[in-house]
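**Student:** Those sequence lines, one after another, are chains A and B.
The numbers in full-length UniProt numbering rise by one with no breaks, and the one at position 92 of the first sequence is 92.
The numbers in full-length UniProt numbering rise by one with no breaks, and the one at position 14 of the second sequence is 14.
Protein chains: 2
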Amino acid sequence: MDPAQVSTVATEFTQFYYKTFSADRSQLHSLYRDQSMLTFEGQQFQGASKIIEKLASLPFQKVLHQISTIDAQPNFNGIFVCVTGALQVDEDAPQRFAQAFQLIPEGTSYYVLNDIFRLNYG
Amino acid sequence: MDPAQVSTVATEFTQFYYKTFSADRSQLHSLYRDQSMLTFEGQQFQGASKIIEKLASLPFQKVLHQISTIDAQPNFNGIFVCVTGALQVDEDAPQRFAQAFQLIPEGTSYYVLNDIFRLNYG
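Given below as structure tokens:
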């Protein structure tokens, strides 16, 4: 895959992911499969249903991710993505976060096989 | 691969990686292959030689990584790892960072296929 395409897919995926996360987290279900894994602040979940159950249960109403960086590399016909940025929950102060994804091609699109999320504070 | 083994490999890899990074960055050559990729603060490098050339050229004498979190998941017979922490360069104040790795099994060990490093500041 050429580098420009890798970067374009990673950017479009990331923008869609966080926009959907803010609008309606349950809609992220379409991005995960049975074999997908999420590690969220150290807690592990496997399968689209358990992953969405966790994301939907997060105790906030409003969340906005401000993306600072999106880096991506090709592998296994898929894409390895690492995002850094800040997220703001309700009226709290923004917190730094890092999130890494392994995207796998499926038809004309991609699904998330691996997803690790961490707040990054001192 | 059972979850305990994934976690053990990721922890041992991460500890070895940063210990070697502090002691002698050029020794990290053994962890990369021709197909390995590094994205370091947005700059892309491919192949063990170019990756080590970049790491060796970083303009500091002393560097210490304080690891905060190591999260890992299995995939493709390999391991997907995301590390967060703080690094201190020479006598500067510590800076937050995030680094993600895709490890691939080779014989009784692993090499790094994908490596993305970012400082994570507001």
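Built from N, CA and C at the ideal position, the CB exists for glycine as well.
Since this is a predicted model, take the numbers as computed values, not measurements.
1. Given that A:M1 touches chain B, what residues does it touch there, using C-beta distances under 9 angstroms?
2. For B:T69, would you say it is in contact with chain A, using Cβ-to-Cβ distances shorter than 8 angstroms as the test?
3. Do the region 78-86 of chain A and the region 94-112 of chain A touch if we need at least three Cβ pairs shorter than 8 angstroms?
4. Quick one: is B:R118 near chain A, going by C-beta distance under 8 angstroms?
5. If we require 4 or more residues per run, which alpha helix (DSSP H) segments fall completely within the UniProt domain "NTF2" (9-119) of chain A?
6. Keeping to the same chain, check which residues put their C-beta closer than 6 angstroms to that of B:H29; ignore five residues upstream and five downstream.
7. Below 8 angstroms on the Cβ atoms is my contact criterion, and I expect A:T39 with B:Q73 to pass it. Report the Cβ-Cβ distance as a whole number of Å.
8. Kindly list the residues whose CB is nearer than 8 angstroms to the CB of A:R96, restricted to its own chain and excluding five residues on each side of it in sequence; keep chain order.
9. Is the CB-CB distance between B:D92 and A:I116 below 8 angstroms?
10. Using beta carbons (cut-off 8 angstroms, strictly below), is A:T11 in contact with chain B?
11. Keeping to the same chain, check which residues put their C-beta closer than 8 angstroms to that of B:V6; ignore five residues upstream and five downstream.
12. For A:G42, return the contacting residues in chain B, with the cut-off set at a CB-CB distance below 8 angstroms.
13. Can you pull the chain B neighbours of A:F16, defined as C-beta to C-beta under 9 angstroms?
14. Taking the C-alpha atoms as reference points, what is the distance between B:Q88 and B:N77?
15. Using the beta-carbon of each residue, which ones in chain B are nearer than 8 angstroms to A:N114?
16. With distances taken Cα to Cα, identify the nearest neighbour of A:E106 among A:D24, A:P3, A:A4 and A:R33.
17. Under 8 angstroms, Cβ to Cβ, is there at least one residue of chain B near A:A100?
18. Quick one: residues in its chain with C-beta nearer than 8 angstroms to the C-beta of B:S22, no 5 flanking neighbours on either side, listed in chain order?
19. Kindly list the residues whose CB is nearer than 7 angstroms to the CB of B:M1, restricted to its own chain and excluding five residues on each side of it in sequence; keep chain order.
20. Under a Cβ-count criterion, where at least 16 other Cβ atoms within 10 Å of its own Cβ denotes burial, should B:L55 be classed as buried or exposed?
21. Just the Cα atoms here: how many angstroms apart are B:L113 and A:V9?
22. Under the rule that 16 or more other beta-carbon atoms within 10 Å means buried, what is B:F45, buried or exposed?
23. Of all Cβ atoms in chain A, is any one closer than 8 angstroms to the Cβ of B:T8?
**Tutor:** In brief:
1. Position 1 of the first sequence, counted from the first residue, corresponds to residue 1 of chain A. By Cβ distance, chain B contributes nothing, its closest Cβ being about 12 angstroms from A:M1, past 9 angstroms.
2. Within the second sequence, the letter at position 69 stands for residue 69 of chain B. With 8 angstroms as the cut-off, B:T69 counts as an interface residue toward chain A.
3. yes
4. Against the second sequence, residue 118 of chain B aligns to sequence position 118. Yes, its Cβ sits closer than 8 angstroms to a Cβ of chain A.
5. 48-57
6. Here residue 29 of chain B refers to the residue found at position 29 of the second sequence. For B:H29, where only same-chain residues beyond five positions count, the Cβ hits under 6 angstroms are A48 and I52.
7. As a position in the first sequence, residue 39 of chain A is number 39, starting the count at 1. As a position in the second sequence, residue 73 of chain B is number 73, starting the count at 1. About 6 angstroms separates the two Cβ atoms, so the contact holds.
8. Stepping through the first sequence from its first residue, residue 96 of chain A is reached at position 96. Taken in chain order, the residues that qualify are T84, G85, A86, L119, N120 and Y121.
9. On the second sequence, residue 92 of chain B is found 92 positions in, with the first residue counted as 1. On the first sequence, residue 116 of chain A is found 116 positions in, with the first residue counted as 1. Not in contact: B:D92 and A:I116 (Cβ atoms no closer than 8 angstroms).
10. Position 11 of the first sequence, counted from the first residue, corresponds to residue 11 of chain A. Taking Cβ atoms only, chain B never reaches closer than 8 angstroms to A:T11, which makes this a no.
11. Position 6 of the second sequence, counted from the start, is the residue given in the question as residue 6 of chain B. Excluding sequence neighbours, B:V6 sits near A72, Q73, P74 and I79.
12. Numbered from its first residue, the first sequence carries residue 42 of chain A at position 42. Result: T69 and D71.
13. Stepping through the first sequence from its first residue, residue 16 of chain A is reached at position 16. None at all; the shortest Cβ gap to chain B is about 20 angstroms.
14. Taking the second sequence and counting its residues from 1, the one referred to as residue 88 of chain B is at position 88. Taking the second sequence and counting its residues from 1, the one referred to as residue 77 of chain B is at position 77. Their backbone Cα atoms lie some 34 angstroms apart in a straight line.
15. As a first step, residue 114 of chain A is located in the first sequence; it is residue number 114 there, counting from the start. Ordered by position in chain B, the residues that pass the 8 angstroms Cβ test against A:N114 are Q73, N75 and F80.
16. As a first step, residue 106 of chain A is located in the first sequence; it is residue number 106 there, counting from the start. When each option's Cα is compared against that of A:E106, the closest is A:R33.
17. One-based indexing of the first sequence puts residue 100 of chain A at position 100. So, interface residue.
18. Indexing the second sequence from 1 puts residue 22 of chain B at position 22. Within the same chain, B:S22 has close Cβ partners K62, V63, L64 and H65.
19. Translated into positions along the second sequence, residue 1 of chain B becomes position 1. Hits under 7 angstroms: P74.
20. Counting from 1 along the second sequence, the entry for residue 55 of chain B is found at position 55. So B:L55 ends up on the buried side.
21. On the second sequence, position 113 is the one that residue 113 of chain B refers to. On the first sequence, position 9 is the one that residue 9 of chain A refers to. Each residue's Cα considered, the two are about 20 angstroms apart.
22. Here the question's residue 45 of chain B lines up with position 45 in the second sequence. That one is buried.
23. For the purposes of this step, residue 8 of chain B is taken as residue 8 along the second sequence, with counting starting at 1. Taking Cβ atoms only, chain A never reaches closer than 8 angstroms to B:T8, which makes this a no.
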